[in-house]
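Undergrad: Protein sequences appear in the order of chains A and L. For the first sequence, the working numbering gives the first residue as 7, with consecutive numbering after it. For the second sequence, the working numbering gives the first residue as 46, with consecutive numbering after it. Submitted below is the structure of interest, expressed as structure tokens.
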Amino acid sequence: MSTAAPDIPPPRRANGPLRTLIATLGVAIAFLAVGAQLIRLALLGQGELSASLNETVAQSFARPDIVDRNGRLLATDVEVYSLFADPARVIDRDEVIEKLAAVFSDLDRAALRKDLSDRNRRFVWLRRGLSPRVAQQVHNLGLPGLDFRRELRRAYPGGRLAGHVIGYVNIDNKGVAGIERYVDEVVGVESVQAATIAERPPVRLSIDIGVQHAVEAELASAVERFEAKGAAAIVLDVTNGEVLASASLPTVDPARPGMSLEPGNLDKISSSTFELGSVFKTLTVAMALDRALVTPETILDVRKQLVSGRFTIKDLHSAGRPLSVAEIFIRSSNVGAAMLALQAGTQNFQQFLGRLSLLDVMKTEAGPVAPPQLPKRWGEIETITIAYGHGIAMAPLQFAAAAASIVNGGQKVSPTFVKRPTGAGQADIPLVSAETSARMRAMMRRNVAEPGGTGKRAEVQGYEVGGKTGTAEMPGPGGYREKAVISSFLAAFPMDEPRYLVFTLLFEPKGNKESGGEVVASRNAAPTTARIVSRIGPLLGMLPKQSASLGGRILAFDAASAAKYEAR
Amino acid sequence: MRIIILGALLMTIASAFVLYSSNYDTRQFELRLADQERAIEKARSDIAVLKAERAHLGRPDRIEPLARELGLGPASERQVAPSAEAALARASGGNASLALKSKGN
């Protein structure tokens with residue numbers, strides 16, 4: 007076009023379109039540049055987020071905190087460093103192995119060499135959960151091909167406190183047992199790729215750290231004093247089933263999952279079943295009263311032996327005279343309890359225990375409780391032995407729940423480890439009549455208050471403790487072992503209007519100077535319970551009452567205010 | 046016509062400048078945002094650690110020996126009274142220091 011232009015006279019005309027074209031092109035280029043810039047911005051706008059993720063993305067879980075009923079921290083997530091290697095980028099394997107061995111003394115060199123030899127892998131975990139100090143040491147080695155990821159790791163600031171209840175998590179911070187598992191299944195955890203702390207509200211347990219500690223400390227001291235092999239105790243709020251403390255010795259550390267799996271360390275409160283012995287008479291007597299078969303004053307002749315088939319039941323310390331039902335309870339007469347159970351009949355006895363949910367598997371937030379072991383054939387002799395707590399084995403937690411409903415006026419109690427919202431009262435399901443409950447309370451109180459009661463060593467001034475002892479011989483190969491016993495004490499306080507139930511068990515205590523050479527519960531479990539009650543009473547905001555001021559409640563300080571411990 | 050084209054050209058150049066500078070600003074802001082987010086993350090993680098440490102320091106098996114050393118213990122029946130008179134009456138029976146305490150209340 008421009009080659010033809012010189013012949014045409016008005017030059018301006020010829021230049022006009024050319025200039026327009028140039029200008030148009032210029033503008034077009036400029037707009038293109040703007041457009042390109044816009045597109046680039048749109049694509050790379052969130053540049054920070056597309057920072058390359060590793061091909062093997064380690065998945066981990068951010069968990070909500072676990073706090074006690076007053077908001078004090080029991081478990082939380084903290085950030086840790088985890089070391090990984092990219093074998094393709096490792097230059098000198100031997101150098102890496104040697105230098106790492108200097109930091110980690112327990113390094114498995116052969117396994118590490120094998121991992122690093124595989125050049126096709128781009129991601130190999132070397133160590134997880136390093137403290138910042140160790141991570142810095144490794145970082146200072148300056149080895150190519152090694153790098154860190156920040157991860158979340160569960161920390162238990164209370165150490166072993168309530169270890170059995172809390173349970174534990176696996177290496178990926180996923181709950182495996184106990185309340186940690188409940189957190190995963192019910193509360194929910196967030197799957198995260200890095201160390202992002204969960205923003206969920208904490209899980210509030212019904213456990214009170216102070217009470218839990220007091221119970222654990224008293225049990226530890228009892229194990230020492232009575233040379234026992236183990237001990238366990240549970241503190242239950244009988245009005246709503248909240249578990250204030252659940253301790254089992256030997257204790258376990260939630261940060262070391264292997265510990266809880268060792269058979270000796272099983273949770274004795276909910277993961278094991280035991281023949282509980284005479285404490286079971288509480289239920290037998292309650293049944294007899296509730297069915298109106300007897301009153302506490304009814305006299306039974308318990309002098310003679312009870313013969314059923316090839317078994318003979320007799321009392322070790324016979325009174326030598328007929329006893330009233332209350333006396334049978336207080337003197338813990340096996341014959342008396344058996345007579346009451348027989349009077350009711352096997353069917354009714356079974357039905358009564360079933361109503362107290364003692365024959366089914368119980369479930370709590372911390373997982374299913376060990377199922378009760380019932381006799382295969384339930385005949386007359388089984389009814390007799392079960393009347394005083396042998397021939398049936400169950401988890402102490404399950405028994406404590408049933409016993410709680412006997413003392414709380416007869417309402418069903420379902421134990422819980424998670425704090426129930428205030429005011430969310432439980433459905434009133436009557437199991438025994440209020441009158442039966444009142445009579446049982448009176449008998450339990452007499453058992454502690456009277457000088458002849460087996461529970462007299464459980465008395466704590468001002469708390470009106472009531473209870474029942476139990477000394478159960480442990481089954482061994484070929485029969486019961488006489489000197490190996492589980493001695494237990496079932497207590498509730500204050501007895502005029504029970505609020506808390508304490509069930510203490512000592513496993514294989516020895517008869518020594520401390521217990522007057524005897525292995526019976528009245529000499530070891532009862533005084534241990536007294537010490538527990540005197541310590542936890544004030545912690546629970548309950549002050550000892552002066553005998554002169556019975557009825558008028560006094561409160562000198564307010565231990566119930568939760569806010570002061572609040573973690574958040 | 047020429048004026049319009051010239052104007053458009055100038056506008057284009059001007060908007061290119063504006064775009065460039067806002068792009069630049071955005072990057073600066075994004076960097077600062079990332080820094081802030083990192084700082085938040087760090088602070089959160091520090092808070093988590095401090096919370097755990099505080100709970101660890103306040104664990105009962107550490108507090109108990111300290112409290113016992115100071116002579117503290119569970120409240121006992123001797124420390125409460127239904128009324129001031131009762132406390133005084135009991136105190137006059139022997140323990141003078143308890144009487145003072147009760148008066149203070």
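Glycine is no exception: its CB is placed at the ideal position from the N, C-alpha and C atoms. The model shown is predicted, which means the values in this text are computed figures rather than measured ones.
Does any residue of chain A have a CB that is nearer than 9 Å to the CB of residue 66(L)?
TA: No, no contact with chain A.
Undergrad: Please say whether residue 36(A) and residue 54(L) have beta carbons closer to each other than 9 Å?
TA: Against a cut-off of 9 Å, the Cβ pair of residue 36(A) and residue 54(L) comes out as a contact.
Undergrad: Is residue 119(L) near residue 543(A), with beta carbons less than 9 Å apart?
TA: For residue 119(L) and residue 543(A), yes; Cβs fall inside 9 Å.
Undergrad: Determine which residues of the stretch 204 to 230 of chain A have a Cβ less than 9 Å from any Cβ of chain L, and write them out in chain order.
TA: Going along the stretch 204 to 230 of chain A in chain order, one finds 215, 216, 218, 219, 220, 222 and 223 with a Cβ nearer than 9 Å to chain L.
Undergrad: Only counting runs of 3 or more residues, tell me where the beta strand (DSSP E) segments fall wholly within the stretch 124 to 163 of chain A, in order along the chain.
TA: With a minimum length of 3 residues, the continuous beta strand (DSSP E) runs that stay inside the stretch 124 to 163 of chain A are 130 to 136 and 152 to 161.
Undergrad: Between which two residues does the alpha helix (DSSP H) holding residue 46(L) run?
TA: Element bounds for residue 46(L): n/a, residue is neither H nor E.
Undergrad: Just the Cα atoms here: how many angstroms apart are residue 538(A) and residue 124(L)?
TA: Rounded to whole angstroms, residue 538(A) to residue 124(L) spans 19 Å at the Cα level.
Undergrad: State yes or no: is the C-beta of residue 336(A) within less than 9 Å of the C-beta of residue 453(A)?
TA: Yes, they are a contact pair.
Undergrad: Would you call the stretch 365 to 378 of chain A in contact with the stretch 180 to 190 of chain A, where contact means no fewer than 3 C-beta pairs closer than 8 Å?
TA: Segments in contact, yes.
Undergrad: Provide the residue span of the alpha helix (DSSP H) that contains residue 542(A), from first to last.
TA: Counting along the chain, the alpha helix (DSSP H) containing residue 542(A) begins and ends at 531 to 545.
Undergrad: Could you list the residues in the stretch 162 to 191 of chain A with a C-beta less than 7 Å from some C-beta on chain L, going in chain order?
TA: Per Cβ criterion, the list reads 163, 164, 165 and 167.
Undergrad: Go ahead and pull the three-state DSSP assignment for residue 485(A).
TA: Note: residue 485(A) maps to strand in three-state DSSP.
Undergrad: For the alpha helix (DSSP H) holding residue 267(A), just list the boundary residues, first then last.
TA: From DSSP, the alpha helix (DSSP H) with residue 267(A) extends over 264 to 267.
Undergrad: Could you name the residues of the same chain whose beta carbon sits closer than 6 Å to that of residue 121(A), not counting the 5 residues immediately before and after it, in chain order?
TA: Taken in chain order, the residues that qualify are 130.
Undergrad: Report, in whole angstroms, the separation of the C-beta atoms of residue 100(L) and residue 79(A), which I expect to be a contact under 8 Å.
TA: Correct: roughly 4 Å between the Cβ atoms.
Undergrad: Contact criterion: CB-CB distance below 9 Å. Does residue 137(L) meet it with respect to chain A?
TA: For residue 137(L), the answer is no, since every Cβ of chain A falls outside 9 Å of its Cβ.
Undergrad: Give the straight-line distance between the Cα atoms of residue 321(A) and residue 171(A), rounded to the nearest whole angstrom.
TA: Near 39 Å, if we compare the C-alpha coordinates of residue 171(A) and residue 321(A).
Undergrad: Is residue 515(A) buried or exposed, if buried means 16 or more other CB atoms sit within 10 Å of its CB?
TA: The residue is buried, with at least 16 neighbouring Cβ atoms inside 10 Å.
Undergrad: So what does residue 211(A) bridge to, in DSSP terms?
TA: DSSP lists 424(A) as partners of residue 211(A).
Undergrad: Whole angstroms is fine: what's the gap from residue 86(A)'s alpha carbon to residue 234(A)'s?
TA: Distance between the alpha carbons of residue 86(A) and residue 234(A) is about 40 Å.
Undergrad: Among the residues of its own chain, which have a CB less than 6 Å from the CB of residue 386(A), if the five just before and after it don't count?
TA: Cβ within range, chain order: 314.
Undergrad: Given a cut-off of 9 Å, decide if residue 104(L) and residue 458(A) are closer than it, judged by their beta-carbon atoms.
TA: Not closer than 9 Å, so no.
Undergrad: If we call anything under 9 Å between Cβ atoms a contact, is residue 359(A) one with residue 492(A)?
TA: No, the Cβ-Cβ distance between residue 359(A) and residue 492(A) is not below 9 Å.
Undergrad: Residues of chain A with CB closer than 7 Å to the CB of residue 104(L), please, in chain order.
TA: Simply 163, 164, 165 and 167.
Undergrad: Taking C-beta pairs closer than 9 Å, name the residues in chain A that residue 48(L) reaches, listed in chain order.
TA: Within 9 Å Cβ-Cβ: nothing; residue 48(L) doesn't reach chain A, min ~12 Å.
Undergrad: Could you compute how far the alpha carbon of residue 470(A) sits from the alpha carbon of residue 113(L)?
TA: Distance between the alpha carbons of residue 470(A) and residue 113(L): 26 Å.
Undergrad: For residue 440(A) versus residue 242(A), is the C-beta distance shorter than 9 Å?
TA: For residue 440(A) and residue 242(A), no; Cβs fall outside 9 Å.
Undergrad: Name, in chain order, the residues that DSSP records as bridge partners for residue 83(A).
TA: For residue 83(A), which the question treats as bridged, DSSP gives the partners 160(A).
Undergrad: Pairing CB atoms from the stretch 389 to 400 of chain A with CB atoms from the stretch 255 to 273 of chain A, are three or more of them under 8 Å?
TA: Touching, no.
Undergrad: Mind checking residue 61(A): buried by the 16 CB within 10 Å criterion, or exposed?
TA: Residue confidence for residue 61(A) is low, a pLDDT of 40 falling below 50, so the modelled location carries little weight; the figure read from the coordinates is stated next. Residue 61(A) is exposed by the Cβ-count criterion.
Undergrad: Taking the alpha carbon of residue 160(A) as the reference point, which residue from 110(L), 90(L), 52(L) and 46(L) has its own alpha carbon closest?
TA: It is 90(L) whose Cα lies nearest to the Cα of residue 160(A).
Undergrad: Please report whether the beta-carbon of residue 115(L) lies at a distance below 9 Å from any beta-carbon of chain A.
TA: For residue 115(L), the answer is no, since every Cβ of chain A falls outside 9 Å of its Cβ.
Undergrad: Beta carbon of residue 220(A), beta carbon of residue 541(A): below 9 Å?
TA: Contact flag set, yes.
Undergrad: If you draw a straight line from the C-alpha of residue 523(A) to the C-alpha of residue 137(A), how long is it?
TA: Between residue 523(A) and residue 137(A), the C-alpha separation is close to 51 Å.
Undergrad: By Cβ distance, which residues of its chain are closer than 7 Å to residue 404(A), with the 5 residues on each side in sequence left out?
TA: Correct list, in chain order: 364, 368, 375 and 378.
Undergrad: Give the residues of chain L in contact with residue 535(A), contact being defined as C-beta atoms less than 9 Å apart.
TA: Near residue 535(A) there are no residues of chain L at all, since even the closest Cβ is about 15 Å away, more than 9 Å.
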